[in-house]
Amino acid sequence: MKFKINRDHFANGLAQVLNVVGSKATMPILSNVLIEAEKDQISLTTTNLDLGIRCKIKAEVKETGSVTLPVKRLAGIVRELPNVDVTFDGSPNHQVKLTSGGSTFRIMGIGKEDFPPLPEFGDEKAYALEQSELATMLKSVAYAQSTDETRYILNGVYFSFKDGKLALVATDGRRLAMIAKEMEVPAASAGAIILPAKTVGELTRLLDKGAKVKINFNERRAAFQIGTDKDTSGLIDSVYLYSKVVEGNYPNYQQVIPKETHQRIKLERELFQQCVHRAALVCSEKANSVKIKLTSNLLEITAQSPDFGEAHESMAIGYSGPDLQVAFNPQFILDPLRALAKDEVFFEVKDEVSPGVFKTLESFVCVIMPVRLS
Amino acid sequence: MPLPTIVPTPALPTVVHLDADAFFVSCELALKPELRGTKCAVGGRERGIISSASYEARACGVYTPMPTQRALRICPDLIMLPHTSGLYSKVSRQMFDLCETLTPLVQRNSIDEGYLDLGPCGLTSSAEIEARVRALQRRLAVELQLPVSFGVATNKLISQIASKLRKPRGFVVVPPGTEEDFLAPLSIGKLPGIGAKTEAALAVRGVKVIADITARDESELKSLFGDGWREMLATARGQDDRAVHTDHDDAKSYSQQETFFEDVADFAEIERVAKRMVDELLPKVRADQKRVRTMTVKIRYPDFTQETHGRSLAAATDLEAPFYPLVAPLLREAWRKKRPLRLVSVRFSNVEDGGQQLEMFAELDEKRRRLAGVLDRLNSGKQNTTVVRHGHQL
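First to last, the sequence lines map onto chains A and B. Per my numbering: the first sequence = residues 1 to 374. Per my numbering: the second sequence = residues 1 to 394.
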């Protein structure tokens, strides 16, 4: 195999697939990227068996062929090459000669025979979405995923295509974020998957390269074809992301979203975020909560840790309900506020042991459980 | 304006150390006065150890913590009394409550000893202080039938050594300024930090009584005690400026252990015992309004070698249920040898209090907490009786 390629395009392509590598001990080839040269493009593929990514970059292919090379070190070298023109020259013994300006590298590769192929999808359930929209939706909920491995069902984002809408849900058992959008869901294509946290991270990173993203899924796996029509650094066609899904039943999340509204306040998102952030500066691992107190037209935020000190913040708000106070983990308040883009959010509270609920005028809900102070 | 003159307060012996005599036995004798004057001891029967022995038993050579079997060999007419659950902490509470009628500055060191500081009581003479403390000693003897020894001095070090000097029912006052003289003739083993081994090693080098320390010069002390020689010299001179602390630390862990009547080889039996400990410890955690996160199981083989294994939950809890599934795996991890066990213990640590993060999918936990609250109330009625047990105890 032999091809000429633009250094920055090559580096950009490698950066897309770089994060997905398997453990070296069990299958050394999973640390490698599969490079396949054909017609006027090369494709780069990495996989850790649970998750795989493939992208295509334009190149001047003189001789087709394939090889696998250690992806981390290759990416490191390509980034540093002195000249924008790079020649990639493979040999039958899987040794690759990389030349650029006055630099020459010889890199030992492994043949593609042992590289596990990415499963291709047939006639699964398929949807097309706007990339920017899916990116916003993922950002609105992803922070609420659980990282507790003993609750593996919650280690991901739940995608539900049902009842004429797509809902994305994430929860760690203490807070839950959900965002929905209306779309046509044919009865035969209705269904749901739990996309693993790692895949959610990669998908979020890959989105916004073009207009559309196509989703295919069945009950065991999912695939995303991410269009690259907005990309200007060598990517062509689409980036293909394949992933196993988390198998199991997602908890009945609807039951934890309060049906009734008790006290609703409208908040300037950034101002509230800044106040909570400042108050939380006195929190400690052992005293990790901020108290929200509502009185007539006033919202007060207090925090204290016994061995450090205390903080008090106040905001004028429109409120005429009964006095009440409730404490939350400050992170649970800050995460949705940071993820949202609207200037105003609604916050609903009831009492000190009932959840707080963030809402926006879109179909966004974030339920956060309080901290019960003894 | 003239500056106020500062009148130096004359030193008064306001620091008092109290140490209950043969505490567990005294508590039992208060309930069983007919046993007064007999050789008796509280402790585990058969395979346990002596927790506390009466002075009559001590005269026969019974001491704490001697294995019960050996105690019965050297003192065949020893009357063994089983532990009465809950009694000692109750009497201890009553004892310190009485102390608090004298001064608010009470430091509880353990179940049966502590310090009082009479500084804030406005007493102006040593005689006044002595009279108040003697009155307290009498009240403890009359109201609780509890013999308690007292040391009265200007600091904690001296009062603690003084209280142990004439047990039982001791009462030793060390007048201010006489601390060094008071210590001088005592054996160096009386000083904190000098155990039997150090004492023997120092005796070889000619240091037997505390005066032998104060008589040495700097270079000799350095060679005897190394870098810590200054502290040792200050201690030997009776100097100590530690204050009496009133705030007693919260429990850092909750634990329970059981030595078996006979070695046990049956896994199910051991598991049952460990689960019972879980059932008995969590109500205490709840009563203290705490939560615990880590459970550690310890097992001991007949040759006294032991193993421990522990595991932590993702979040602290005050319920039994999350710990049950850990009992068997932890036991298996600890109990690797194919030999029976003489002891098993369960310990909960990583104690948390303060705000509790509520969970979403936890209706079951709330039900369990309500149920646990009801069980705790039912079981707290009478001393030493469990009204309701968990199924796995039957």
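Idealized CB from N, CA, C, for every residue including glycine. Keep in mind that this is a model prediction, so the values were computed, not measured.
Can you pull the chain A neighbours of residue i, defined as C-beta to C-beta under 9 Å?
i: Glu359(B); result: Gly173, Arg174, Met369
What residues match up with residue i in a beta bridge as DSSP calls it?
i: Phe328(A); result: Val290(A)
i: Gln357(B); result: Val371(A)
i: His312(A); result: Thr302(A)
i: Asn6(A); result: Asp85(A)
i: Tyr158(A); result: Val169(A), Ile194(A)
i: Asn249(A); result: Partner(s): none; Asn249(A) has no beta bridge.
i: Asp263(B); result: Bridge partners of Asp263(B): none, in fact.
i: Ser233(A); result: Partner(s): none; Ser233(A) has no beta bridge.
i: Tyr240(A); result: Arg54(A), Gln225(A)
i: Ala128(A); result: Lys214(A)
i: Tyr115(B); result: His17(B), Gln107(B)
Beta carbon of residue i, beta carbon of residue j: below 9 Å?
i: Arg7(A); j: Val86(A); result: yes
i: Val365(A); j: Pro330(A); result: no
i: His17(B); j: Ser51(B); result: no
i: Leu168(A); j: Ile179(A); result: yes
i: Val371(A); j: Gln357(B); result: yes
i: Leu235(A); j: Phe224(A); result: no
i: Leu98(B); j: Leu31(B); result: no
i: Tyr158(A); j: Ala170(A); result: yes
i: Lys164(B); j: Tyr115(B); result: no
i: His251(B); j: Leu319(B); result: The sequence shown places Ala at residue 251(B), not His. Against a cut-off of 9 Å, the Cβ pair of Leu319(B) and Ala251(B) comes out as no contact.
i: Lys62(A); j: Lys4(A); result: yes
i: Arg73(B); j: Arg342(B); result: no
i: Leu183(B); j: Gly119(B); result: no
i: Gln41(A); j: Asp231(A); result: no
i: Ser314(A); j: Lys286(A); result: no
i: Gly101(A); j: Leu81(A); result: yes
i: Ser54(B); j: Val15(B); result: no
i: Glu120(A); j: Val213(A); result: no
i: Val297(B); j: Val344(B); result: yes
i: Ala236(B); j: Val346(B); result: no
i: Lys291(A); j: Ala327(A); result: yes
i: Arg79(A); j: Tyr240(A); result: no
Which bits of chain A does residue i rub up against, with CB to CB less than 7 Å?
i: Ala314(B); result: Asp148, Thr150
What does residue i reach in chain B if we use C-beta pairs closer than 9 Å?
i: Val256(A); result: Met360, Phe361
i: Arg372(A); result: Gly355, Gln356, Gln357, Leu358
i: Ala327(A); result: Gly355
Mind listing the chain B neighbours of residue i? Cutoff is C-beta to C-beta under 7 Å, in chain order.
i: Asn155(A); result: None at all; the shortest Cβ gap to chain B is about 13 Å.
List the whole-angstrom C-beta distance separating residue i from residue j, where the pair is believed to meet the contact cut-off of C-beta under 8 Å.
i: Ser253(B); j: Phe348(B); result: 6 Å
i: Gly191(A); j: Lys125(A); result: 5 Å
i: Ile158(B); j: Glu179(B); result: 5 Å
i: Gln137(B); j: Val244(B); result: Not a contact, Cβ separation roughly 18 Å.
i: Asn350(B); j: Ala316(B); result: 7 Å
i: Pro355(A); j: Pro258(A); result: 6 Å
i: Pro185(B); j: Pro13(B); result: About 19 Å; that fails the 8 Å criterion.
i: Ala20(B); j: Asp117(B); result: Not quite, the Cβ-Cβ distance comes to about 19 Å (not below 8 Å), so this is no contact.
i: Leu294(A); j: Gly321(A); result: 7 Å
i: Gly177(B); j: Ala162(B); result: About 15 Å separates the two Cβ atoms, so there is no contact after all.
i: Ile49(B); j: Pro67(B); result: 5 Å
Is residue i close to chain C? Criterion is C-beta to C-beta, closer than 9 Å.
i: Phe261(B); result: Chain labels in this structure do not include chain C; the protein chains are A and B.
Check each residue of the segment 339-355 of chain B: if its Cβ is closer than 9 Å to any Cβ of chain A, include it; give the result in chain order. Glu352, Asp353, Gly354, Gly355
Taking a cut of 8 Å between CB atoms, which residues from the segment 232-251 of chain A lie near chain B? Pro251
At a CB distance below 9 Å, what residues from the segment 267-290 of chain A approach chain B? Give them in sequence order. Lys286, Ala287, Asn288, Ser289
Taking Cβ-Cβ distances below 8 Å as the criterion, which residues of the segment 345-371 of chain A are in contact with chain B? Val353, Pro355, Val367, Met369, Pro370, Val371
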